[in-house]
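Residue numbers (our numbering): 13 to 399.
Single-structure report; data block below.
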Ligand SMILES: NC(=O)c1ccc[n+]([C@@H]2O[C@H](COP(=O)([O-])OP(=O)(O)OC[C@H]3O[C@@H](n4cnc5c(N)ncnc54)[C@H](OP(=O)(O)O)[C@@H]3O)[C@@H](O)[C@H]2O)c1
């Protein structure tokens, strides 16, 4: 395994996304995947209050008993799980079976669950209460990273909340505070309040713009949703397969892409995000052990040269993504627009995707009604800057 050192933390560059723990994936399989990841040297776990309908943190805490001091726990506040009830606990295994047999039923299940979670305002009391619950659930006295989960950009102007984040760090309950969300909030956070020292957003074949944001800052940067969720897998394989049969690329690269299996996909996906960038860690969901092994193997040894990774990036419509320091003129300032201040915000692509596999929240009702983007037959074009 490879590790980053940042913000006083030492974490694996391949992290473990807990978005499906106790939701799409039940207790036994979640624990098995966490165990396999840990054995492979993965020590970064990305979780949230809302994951697993509020049960993912508890499971992670159970798993990390006796391992806590070597782990990096990133959790989030701001999206709350619904209240637990007996019927919901009983319904989860049934929903899992239905989804296994009928994957197309996902939007329906998502829609049903959507009404059950909420995105309340980002206030000091909410942060405090959520953090205390997280600490209790995780069985620890501190979390390594506490992210604001999908906040509007205006949260960065909430001085009381920023001061309170500072305070929980002083109290030793949080090591690093951060923001996990869409492009606008993230772009402002890069050069925003000093207390926000960690950032998280999606980085995948369909939108690599997060890499440029990561490169602008020296903050700890966590890239989520790297495969583009379940829907992204086939599209990613098609994209790489097309390069593999393109006579205009080198015979070496074509050879490497002749058969795109999980290992090759993982190599391309993970290293397109990581190679030469300031992304600290990538956190996929890898509950299936074959996926997990492929991802670990790809991190340990990449078959792609730097030049080949650049070719993949440029085919994805993104080049020049290795690190460089922006000039002050290039830096966005914390000046909020009327949209960021008040208008209702539609979920961005990464947030939409987050709802697919992790936990539904109110916005997922909106998502369930959205048409699925058709598969592009040509080279993929990232949906950059979509709002
Ligand atoms: N707003 C937020 O803060 C936010 C939003 C989105 C995501 N996240 C975090 O990011 C994590 C991952 O996001 P995600 O699940 O939405 O997207 P993802 O990691 O892009 O998608 C993972 C999907 O790809 C499969 N997979 C993993 N490795 C593979 C491989 N080598 N070959 C083929 N398939 C592979 C996984 O299956 P299995 O899981 O069955 O192995 C899963 O279905 C979440 O768990 C969460 O921690 C955070």
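By construction, the Cβ of each residue, glycine as well, lies at the ideal position given by its N, Cα and C atoms.
Judged by DSSP in its simplified three-state form, residue 142 adopts helix. Distances from the CB of residue 65 to the heavy atoms of ligand 1 are all 8 angstroms or more. Non-local beta-carbon contacts of residue 152 in its own chain, meaning distances under 6 angstroms to residues more than five positions away in sequence, involve 80 in chain order. In this structure, residue 37 has its beta carbon less than 8 angstroms from a heavy atom of ligand 1. Rounded to the nearest angstrom, the Cβ distance from residue 277 to residue 304 is 13 angstroms, too far for a contact under 8 angstroms. Judged by DSSP secondary structure, residue 192 falls within the beta strand (DSSP E) whose first and last residues are 186-192.
Excluding the 5 residues flanking it on each side, residue 178 has same chain C-beta neighbours closer than 6 angstroms at 207, in chain order. The C-beta distance from residue 233 to residue 269 rounds to 28 angstroms, too long to fall under 8 angstroms, and the pair is not in contact. For residue 293, the pairing in a beta bridge is given by DSSP as 234. For residue 88, the enclosing beta strand (DSSP E) has its first and last residue at 84-89.
For residue 55, the secondary structure class from DSSP, reduced to helix, strand or coil, is coil.
Between residue 158 and residue 186 a beta carbon distance of about 4 angstroms is seen, short of the 8 angstroms cut, so the two are scored as contacting. DSSP places residue 136 within a helical segment (H, G or I) once states are collapsed to three. Here the alpha carbon of residue 25 sits roughly 11 angstroms from the alpha carbon of residue 287. Separation of residue 57 and residue 271 (C-alpha to C-alpha, rounded to the nearest whole angstrom) is 31 angstroms. Remark: C-beta atoms of residue 330 and residue 221 approach each other more closely than 9 angstroms. Of 183, 75, 198, 284, the smallest CA-CA separation from residue 314 is found for 284. Counted as a single uninterrupted DSSP element, the beta strand (DSSP E) harbouring residue 209 occupies residues 208-214. Excluding five sequence positions before and after residue 68, the CB atoms of its chain that fall closer than 6 angstroms to its own CB belong to 30, 33, 34, 59, given in chain order.
Following the DSSP letters along the chain, one finds residue 18 in no alpha helix (DSSP H) but inside the beta strand (DSSP E) bounded by residues 15-18. Annotated as proximal: residue 66 and residue 92, with beta-carbon spacing under 9 angstroms.
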